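Data first, discussion second: the structure below is written as structure tokens.
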Amino acid sequence: MSRFTQRLLARRRTVLGLVLVSVLCVAAALAPWLVPYDPTAQLDLAGGQYLDPSVAHPFGTDFYSRDLFSRVLYGSRISLTVAFLSVLLSVTIGTAVGLIAGLAGGAVDTVLMRLVDAALAIPRVFLLIVVLALWEGVGLWGLILILGLTSWIDASRIVRGEVLSLKTRDFVTAARATGIGARRLAWSHLLPNLAAPIIVTATLGIGQIILTEAALSYLGIGVKPPMPSWGSIIAEGQQTLGSAPWVATFPGIAIVVTVVGFGLLGDGLRDALDPRTR
Amino acid sequence: MNPLLKVRDLRTTFTIGDSVARAVDGASFDLFPGETLGLVGESGCGKTVMALSILRLIEDPGEIVAGSVIEYEGANLLELSPRELRRIRGGEIAMIFQEPTTSLNPVLTVGAQIAETLRAHEEISREEARHRSVGLLDLVGIPDPDERASQYPHQLSGGMQQRVMIAMALSCEPKILIADEPTTALDVTIQAQILELLAALQRQLGMAMIFITHDLGVVAGIADRIAVMYGGQIIEEATTKSLFRRAAHPYTEALLQAAPRIDAKADRLSVIPGAVPPATAWPAGCRFHPRCPHAWEHCSGAVPDLLPLPPEHRARCWLVVEPHRRRA
């Protein structure tokens, strides 16, 4: 077992995070084979509405007599897909911006970082609501694109900071003394050194995006029904919180578990990868 | 013979707020093909900044002052475009550093790092670059070069790491190698091996070398000529033999006396009184005069040029023209 794996597994809460994330990913991947019912099928509109959780329906059923367990499980596919792809996009943009700003320095750095500051001044959820409201029927890909394009700020600042500190290291001076160009320096020498902070940022970012996506779907402007998303199921269950609390509770628990899982894993990765704590 | 590298009135300053540190302040010297020039001085005298200036590796807030000239094969390096400069770096003038441990990228295999240098200068395939890096590791005397090439820096000892740095520096057969205290971080036996290796490779490749050190013992063995730096200036320059035989500048004399000798009995080593003044406030006149045992009024006023002491010796000291002022 490598030193990294040892360090990662040394903390119980990191292991918990790893287990939660793994279970979620496997469940999401195997959802079509795991679900007892079609998540959008209205099973029995006459007598199957708001059934209590039971063996047949572990999470109960909703207003349309759909099986909630199947819906929550399918919702994980949507949430995780949206989260993974948005984070991939945001981290790619953030890394590129941070690398360019940090490496170029001077005016380029100033302009890029002032833009980032300006972007930070706009409330993100507000921006998302405006964009999604104006852009009717945006679809899943549109949602991923918008989430990705609005969440690279953190990554860019972290990468820039790391680049600024890497730039003063001897090996960068030594590499520059060999006549290496800026592009090769960034790609071959800096990027491998940035892997750790990027992985940590991405892991923690997934939890954030899942929350944002749930919030948007809850507000009815994210994933469109009847496609199941945790946020929209909670919104549906809100009216019956008194009479059928399970409808909103189970997707809520799913969100908490996912965000906590990625949070624990991200913190654990940071501790295991950070050379300063080694 | 024409010099390969001609440095004239090199000035490098670091500006932080209102204070300006003149780290290198009017240094001039020549480097001839195939020779080894030893650059000697205490910590803080500007040796490393001078080396970095030659390759234009000075970073903000540092700045090479306009009017400085670093001429390599007739072209002023300070006027080159970034592209031409990259060709010079590593290709014509290469550099090795004091700390091999921090000068290698910790997350790249040593083979990959040498290959990167090769691929920065030549259009060659990955396999070709990898093949050549193994050959270079072999050249610098690393056993099992094939296996070592795929190891990371932390898997190698300090001496091995410095050999890797040398392999990287020599990969594109530069005409000048700048070695900035290459053995300071190594223990004494490894130090001797690295010095031998550098001398052998220099003969083999016919390159010139600027060897920076604070250790007069090291430089005596490897350098053809020696330039002594103090306060950002070169204060004495001579062939190695002449410098050790008849050091003219009181600073050089003091340095030589401070070095332990195996052939002389001494109970205590002599020290130079005082410390190098900060680069933000060099004393007026001769920069060594506050620490100099021979100084008189003249020394705090006018600074001499490098005054000639035929045949091959120059010193920046008024004693050259007024030897009777020397105190016993």
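Quick note, the sequences are listed as chains A and B, same order. Position 14, counted from 1, in the first sequence is what this note's numbering calls 14; the numbers after and before it change by one each time, with no gaps. Position 275, counted from 1, in the second sequence is what this note's numbering calls 1275; the numbers after and before it change by one each time, with no gaps. Glycine residues also receive a C-beta, built at the ideal position from the N, C-alpha and C atoms. Bear in mind the structure is a predicted one, so any value in this text is a computation, not a measurement.
Looking only at its chain, what residues have a beta carbon closer than 7 Å to the beta carbon of residue i, apart from the 5 residues adjacent to it on each side?
| i | result |
| --- | --- |
| residue 15 of chain A | 9 |
| residue 1141 of chain B | 1163, 1197 |
| residue 225 of chain A | 232 |
| residue 266 of chain A | 200, 203, 204 |
| residue 53 of chain A | 59, 60, 246 |
| residue 278 of chain A | Because residue 278 of chain A carries a pLDDT of 46, less than 50, the predicted location of this residue cannot be relied on, and no value is offered for it. |
| residue 1303 of chain B | 1285, 1286 |
| residue 142 of chain A | 135 |
| residue 1309 of chain B | 1248, 1315, 1320 |
| residue 42 of chain A | 64, 65, 66 |
| residue 257 of chain A | 20 |
When we look at the beta-carbon of residue i and count the other beta-carbons within 10 Å, is it buried (16 or more) or exposed?
| i | result |
| --- | --- |
| residue 1050 of chain B | buried |
| residue 1105 of chain B | buried |
| residue 223 of chain A | buried |
| residue 126 of chain A | exposed |
| residue 1016 of chain B | exposed |
| residue 181 of chain A | exposed |
| residue 94 of chain A | buried |
| residue 4 of chain A | exposed |
| residue 66 of chain A | buried |
| residue 1110 of chain B | buried |
| residue 106 of chain A | exposed |
| residue 1173 of chain B | exposed |
| residue 193 of chain A | buried |
| residue 108 of chain A | exposed |
| residue 1188 of chain B | exposed |
| residue 1273 of chain B | exposed |
| residue 1055 of chain B | buried |
| residue 1204 of chain B | exposed |
| residue 32 of chain A | exposed |
| residue 1171 of chain B | buried |
| residue 1086 of chain B | buried |
| residue 76 of chain A | buried |
| residue 1013 of chain B | buried |
| residue 110 of chain A | exposed |
| residue 1265 of chain B | exposed |
| residue 1066 of chain B | exposed |
| residue 1225 of chain B | buried |
Excluding sequence positions up to five away, which residues of its chain have a Cβ less than 6 Å from the Cβ of residue i?
| i | result |
| --- | --- |
| residue 1002 of chain B | none |
| residue 102 of chain A | 160, 163, 164 |
| residue 1306 of chain B | 1314, 1316 |
| residue 39 of chain A | 70, 71, 74, 228 |
| residue 78 of chain A | 223, 229 |
| residue 1249 of chain B | 1235, 1236, 1315, 1317 |
| residue 7 of chain A | 272 |
| residue 1034 of chain B | 1206, 1208 |
Per DSSP, residue i forms a beta bridge with which residues?
| i | result |
| --- | --- |
| residue 1178 of chain B | B:1095, B:1210 |
| residue 1072 of chain B | B:1005, B:1075 |
| residue 1314 of chain B | B:1237, B:1308 |
| residue 1228 of chain B | B:1040, B:1236 |
| residue 1123 of chain B | For residue 1123 of chain B, which the question treats as bridged, DSSP gives no partner whatsoever. |
| residue 263 of chain A | According to DSSP, residue 263 of chain A bridges with nothing at all. |
| residue 1063 of chain B | B:1013 |
| residue 1089 of chain B | B:1093 |
| residue 61 of chain A | A:67 |
In its own chain, which residues sit with a C-beta less than 8 Å from the C-beta of residue i, not counting the 5 before and 5 after it?
| i | result |
| --- | --- |
| residue 175 of chain A | 185, 189 |
| residue 1299 of chain B | 1285, 1286, 1289, 1292, 1318 |
| residue 87 of chain A | 148, 151, 202, 205, 206, 209 |
| residue 1019 of chain B | 1280 |
| residue 85 of chain A | 144, 148 |
| residue 1150 of chain B | 1109, 1111 |
| residue 1069 of chain B | 1006, 1007, 1008, 1009, 1010, 1076, 1078 |
| residue 1276 of chain B | 1042, 1043, 1044, 1045, 1230, 1231 |
(message) For the structure I just gave you, are there three or more beta carbon pairs, one from the stretch 55 to 73 of chain A and one from the stretch 204 to 219 of chain A, closer than 8 Å?
(response) Touching, no.
(request) Report yes or no: do the stretch 1187 to 1201 of chain B and the stretch 1114 to 1127 of chain B share at least 3 C-beta pairs separated by less than 8 Å? (result) no
(request) Report the residue ranges of all alpha helix (DSSP H) runs contained in full by the stretch 1017 to 1059 of chain B; include only those spanning at least 4 residues, in chain order. (result) 1047 to 1054
(request) Evaluate the contact criterion for the stretch 1209 to 1227 of chain B versus the stretch 1246 to 1261 of chain B: three or more CB pairs, one atom per stretch, below 8 Å. (result) yes
(request) Taking 8 Å as the threshold, find out whether the stretch 1128 to 1136 of chain B comes into contact with the stretch 1089 to 1096 of chain B through three or more Cβ pairs. (result) Counting Cβ pairs under 8 Å, fewer than three are found: no touch.
(message) With a threshold of 8 Å, are at least 3 pairs of Cβ atoms found where one atom belongs to the stretch 1237 to 1251 of chain B and the other to the stretch 1052 to 1072 of chain B?
(response) no
(message) If contact is defined by three or more beta carbon pairs under 8 Å, each pair taking one atom from either stretch, is the stretch 1226 to 1234 of chain B in contact with the stretch 1039 to 1047 of chain B?
(response) yes
(message) Please give me, in chain order, every unbroken run of the alpha helix (DSSP H) with length at least 4 that falls completely inside the stretch 5 to 52 of chain A.
(response) 12 to 34
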